[in-house]
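Numbering (our numbering), first residue to last: 275 to 566.
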């Protein structure tokens with residue numbers, strides 16, 4: 275069943291009608307008491323009083339107040355007859371039940387979930403989900419509790435996301451859990467598909483906590499440090515080789531010194547040691563000839 279607007283009238287207008295009915299009841303009751311005391315027949319006035327009293331009771335049962343960013347789902351003896359989404363004071367079908375559904379934007383953070391990533395490494399992950407009810411009928415009748423439904427589906431989506439992505443990827447074409455914007459887009463899309471049947475719109479879903487599980491955190495830290503050291507060494511060696519080549523080319527072009535292949539190899543070795551070493555080199559001054 276699709277969402278439809280419930281029958282409603284201006285509440286203040288019907289409040290005026292109710293006041294008139296109350297005045298009519300008071301007048302009829304007074305007239306009935308007066309004529310009854312004079313020995314007149316009270317039958318017609320009694321029926322009129324009962325009808326007016328019933329109308330007043332029905333009128334009084336139809337008032338409803340709708341707050342801003344709220345909807346009222348109206349049921350008449352178990353049958354859905356519509357929703358009221360406009361804020362204000364309204365009068366709807368008498369003797370109907372009304373259930374309030376908040377249309378405000380909400381957010382919550384999932385629990386820290388422990389799950390294995392694509393590489394099988396245990397990680398801790400949590401996400402914040404921002405959502406809003408856009409269909410009050412589905413939120414009220416499609417699921418038992420739409421808030422609990424969103425929480426459960428959010429945790430399921432976060433678990434699925436963690437199992438389909440590695441914590442960290444060396445491949446530029448493979449998205450990892452640390453790729454914030456791309457992973458957030460995937461999580462939001464999946465959650466929208468999961469919660470659509472409950473009349474929920476997922477505005478945003480984003481990872482707020484991501485870490486290796488404590489039992490492997492230290493080992494993974496050492497691994498990351500080793501990877502960074504290797505990357506730094508590779509950059510240093512690459513730069514050092516370029517500098518050595520530039521030095522040899524400049525010496526040859528300017529004719530500063532003539533070196534044979536053996537002396538070039540020794541010079542390259544010494545320069546690489548100086549440029550790639552962790553500590554400052556201690557220079558050794560050669561006071562003899564170049565070939566001594």
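The beta-carbon is built from N, C-alpha and C at its ideal position, and this holds for glycine as well.
Under DSSP, the beta-bridge partners assigned to residue 354 are 349. In the three-state scheme derived from DSSP, where H, G and I count as helix and E and B as strand, residue 401 is classed as strand.
The stretch 422 to 439 and the stretch 395 to 404 touch, with three or more beta-carbon pairs separated by less than 8 Å. In the pairwise beta carbon analysis, the stretch 383 to 393 is classified as not touching the stretch 350 to 362: fewer than three pairs are separated by under 8 Å.
Contact fails between the stretch 369 to 379 and the stretch 440 to 448, because fewer than three Cβ pairs, one in each stretch, are under 8 Å apart. Residue 426 and residue 470 have their alpha carbons spaced roughly 14 Å apart. Sorting 322, 344, 341 and 350 by C-alpha distance to the C-alpha of residue 335 places 350 at the top. Out of 504, 461 and 346, the CA that lies nearest to the CA of residue 282 is found in 346. Bridge partners of residue 396 according to DSSP: 390.
For residue 455, the enclosing alpha helix (DSSP H) begins and ends at 454 to 469. Taking a 10 Å sphere around the C-beta of residue 523, we find fewer than 16 other C-beta atoms and assign the residue as exposed. Each of 452, 297, 320 and 528 was checked against the Cα of residue 306, and the nearest Cα belongs to 320. Here residue 428 carries a helix assignment [DSSP, helix/strand/coil].
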